[in-house]
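Residue numbers (numbering that gives the first Met the number 0), protein chains in the order written: chain B, 0 to 209; chain R, 0 to 209.
Protein chains: 2
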Amino acid sequence: MSDDVFAVDGRVIGSRALATRRKLLDATAKLLQEQGILDLRVVDISRDIGSSPATFYQYFNDVDEAILELAKEATEDEKPLVALLQPGWNEADGLERARRFVDAYMVYWDAHHAVLRARNLKAEEGNRHFRAVRTEANLLVMEALQAMVAEGVAAKRLPNSLDPFTTAAAVVAMCERLLAFQPEMAKRGANRDAIRNTLATLLYGALTGH
Amino acid sequence: MSDDVFAVDGRVIGSRALATRRKLLDATAKLLQEQGILDLRVVDISRDIGSSPATFYQYFNDVDEAILELAKEATEDEKPLVALLQPGWNEADGLERARRFVDAYMVYWDAHHAVLRARNLKAEEGNRHFRAVRTEANLLVMEALQAMVAEGVAAKRLPNSLDPFTTAAAVVAMCERLLAFQPEMAKRGANRDAIRNTLATLLYGALTGH
DNA sequence: GACCTTTCTGACTCGCCGTCAGATTTTCAG
DNA sequence: CTGAAAATCTGACGGCGAGTCAGAAAGGTC
Numbered sequence: 000m001s002d003d004v005f006a007v008d009g010r011v012i013g014s015r016a017l018a019t020r021r022k023l024l025d026a027t028a029k030l031l032q033e034q035g036i037l038d039l040r041v042v043d044i045s046r047d048i049g050s051s052p053a054t055f056y057q058y059f060n061d062v063d064e065a066i067l068e069l070a071k072e073a074t075e076d077e078k079p080l081v082a083l084l085q086p087g088w089n090e091a092d093g094l095e096r097a098r099r100f101v102d103a104y105m106v107y108w109d110a111h112h113a114v115l116r117a118r119n120l121k122a123e124e125g126n127r128h129f130r131a132v133r134t135e136a137n138l139l140v141m142e143a144l145q146a147m148v149a150e151g152v153a154a155k156r157l158p159n160s161l162d163p164f165t166t167a168a169a170v171v172a173m174c175e176r177l178l179a180f181q182p183e184m185a186k187r188g189a190n191r192d193a194i195r196n197t198l199a200t201l202l203y204g205a206l207t208g209h
Numbered sequence: 000m001s002d003d004v005f006a007v008d009g010r011v012i013g014s015r016a017l018a019t020r021r022k023l024l025d026a027t028a029k030l031l032q033e034q035g036i037l038d039l040r041v042v043d044i045s046r047d048i049g050s051s052p053a054t055f056y057q058y059f060n061d062v063d064e065a066i067l068e069l070a071k072e073a074t075e076d077e078k079p080l081v082a083l084l085q086p087g088w089n090e091a092d093g094l095e096r097a098r099r100f101v102d103a104y105m106v107y108w109d110a111h112h113a114v115l116r117a118r119n120l121k122a123e124e125g126n127r128h129f130r131a132v133r134t135e136a137n138l139l140v141m142e143a144l145q146a147m148v149a150e151g152v153a154a155k156r157l158p159n160s161l162d163p164f165t166t167a168a169a170v171v172a173m174c175e176r177l178l179a180f181q182p183e184m185a186k187r188g189a190n191r192d193a194i195r196n197t198l199a200t201l202l203y204g205a206l207t208g209h
């Protein structure tokens, strides 16, 4: 097991190259956010770090590969969310726990939304690498959610017409998508607090039956 | 008020041109589905109808304009869904009504998912034309959902921590996103029926409090 | 400071974009 | 039916970004 990073020609890269690669990734993330994936050009990324397009192709075969790398980095920030999804939301402080999860999810989303949007697009368009990364990112969270639903169904707090896996997917779907709507909703009077409270209430309801 | 369709130079177009424009739109929809928005090229669209790129630019300033037109067409198919969202889900057959709405939504989604995905991407990346089309498409459905939530809150079936507008957005979000997940979920054992039932149950719960 | 390795880039080919002048097809008055 | 006008279509072109590669530049070693 090694932490070595490789150039596209297969050689292990040194510290100067590693710094260049890092700058390229940061510039990619920045431009992805500013211009969107449809207008993301290798020329712009290279120019942004004061380098030439050829340099980009030393480290990535194409823009997708750089975005995939960013998506993998985002994955690391999703995993800790699972700590906020332990069983017991049906106790008195359940709604408060739901709120804490929603808060953490919002922070995660804010930090990575441009990359996550690109990841989801590629995954939904059938790209298997991006599908794998998304599945990996959601895995722990989904498992924790499934366990909570299964427990609720077993305790008859939730109807058995709820499939735990699908419900878990629905919860993730709701979080992701509602935050994606956020900028537009803000214009129509729904502020961040309304979103936070409503999302927490809905999650609490879906997961505990209360 | 006129149903006339215009070429980019502003002239009203005749029936031959209208047919060509229609073929271009159909080809755009087809390729959007097959290749995704990132690999959609004007050259391919023109080739697909056995014509030259210059023809495409007679009717659309760019690919976005064609996709926008397709999104407007999809909008017309969303509006009828509102008929399935009349108050009264808290009565005995409420869950069955939820299921009927989910069924109709799935049909709508299947027919337009590639276009809707593109529309949502552009809207989320800040394009105001696509935002306007999306808002317009969701307007009636959102209003109906808001009314149902407001009614539930007034009758104390739903907690007043639920903001009607945000809840309506969450419901739309859940439907859209869960269906987008569908292909991946199928691989992990969740079939269409599980999605249908789970979604109906969650909607029923979120909208009636049962 | 000569030599070797790592990293970077100028310059090139290729293909798509978007335009426009002119070719082709359709329309229709006489 | 015919010829001219209107509508529609397209070949060909300049421009720009993608991706490649040979060789230049930078850095390290003894």
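Cβ atoms here follow ideal geometry from the backbone N, Cα and C, with glycine treated the same way.
It should be emphasised that the depicted structure is a prediction, and the values quoted were computed from it without experimental measurement.
Asked                                                                                                                                                                                   : Found
Would you kindly work out how many angstroms separate the C-alpha atoms of V62/R and V132/R, rounded to a whole number?                                                                 : 16 Å
Note down, in chain order, every chain B residue with its Cβ under 7 Å from the Cβ of F180/R.                                                                                           : A168, A172
Helix or strand or just coil, what does DSSP make of M0/R?                                                                                                                              : Its pLDDT being 45, under 50, M0/R is placed unreliably in this model, and the coordinates cannot settle the point.
Please confirm whether A28/R and L69/R have their CB atoms less than 8 Å apart.                                                                                                         : yes
Cα separation between L201/B and C174/R?                                                                                                                                                : 14 Å
Please work out which residues of its chain come closer than 8 Å, Cβ to Cβ, to V101/B, disregarding the five sequence neighbours upstream and downstream, and give them in chain order. : C174, R195, L198, A199, L202
From which residue to which residue does the alpha helix (DSSP H) around Q239/B run?                                                                                                    : Since the displayed chain B opens at 0 and closes at 209, residue 239/B lies outside it and no answer follows.
Give a yes or no on whether 8 Å exceeds the smallest Cβ distance from D102/B to chain R.                                                                                                : no
If you reduce the DSSP assignment to three classes, tell me which class A164/B lands in.                                                                                                : The question names Ala, but residue 164/B in the sequence shown is Phe. Of the three classes helix, strand and coil, the one that applies to F164/B here is helix, per DSSP.
Anyone know if the C-beta pair for L157/R and G87/R falls short of 8 Å?                                                                                                                 : no
Scan the region 54-86 of chain R for residues whose Cβ lies nearer than 7 Å to a Cβ of chain B and list them as they occur along the chain.                                             : none
Just verifying my parser: in three-state terms, what is the DSSP assignment at F59/B?                                                                                                   : coil
Using a Cβ-Cβ cutoff of less than 6 Å, which residues in the same chain neighbour M0/R once the five nearest sequence positions on both sides are dropped?                              : Here M0/R scores only 45 on pLDDT, less than 50, and its place in the model is too uncertain to base an answer on.
According to DSSP, which residues form a beta bridge with F5/R?                                                                                                                         : V11/R
Kindly list the residues whose CB is nearer than 8 Å to the CB of A91/R, restricted to its own chain and excluding five residues on each side of it in sequence; keep chain order.      : none
With 8 Å set as the bound, which would you pick, yes or no: does the beta-carbon of L139/B sit closer than that to a beta-carbon of chain R?                                            : no
What residues from chain B crowd round I44/R, counting only those whose CB sits closer than 9 Å?                                                                                        : Neighbours of I44/R on chain B: none; closest Cβ ~16 Å, over 9 Å.
Assuming T74/B contacts A143/B (C-beta within less than 8 Å), just tell me the rounded distance between them.                                                                           : Going by Cβ atoms, the distance from T74/B to A143/B rounds to 16 Å, so no, they are not a contact pair.
Let me check understanding here. Comparing Cα to Cα, which of R116/R, A122/R, G125/R, V4/R lies closest to K121/B?                                                                      : R116/R
Determine the DSSP secondary structure at G151/R, reduced to helix, strand or coil.                                                                                                     : helix
So the candidates are M147/B, L161/B, L31/B, R15/B; which of them puts its Cα closest to the Cα of V114/B?                                                                              : L31/B
Using a Cβ-Cβ cut-off of 6 Å (strictly less than) and excluding sequence neighbours within five positions of A97/R, which residues of its own chain qualify?                            : A199, L202, Y203
Please state whether DSSP places H112/R in a helix, a strand or coil.                                                                                                                   : helix
Closest Cβ-Cβ distance between F129/B and chain R: below 8 Å?                                                                                                                           : no
Counting contacts by CB-CB distance shorter than 8 Å, is G151/R in contact with chain B?                                                                                                : no
State the start and end residues of the unbroken alpha helix (DSSP H) segment that holds G125/B.                                                                                        : Segment: none, G125/B is in no alpha helix (DSSP H) and carries neither H nor E.
Ignore the nearest five residues each way along the sequence and tell me which others in R99/R's own chain have a CB closer than 8 Å to its CB.                                         : L83
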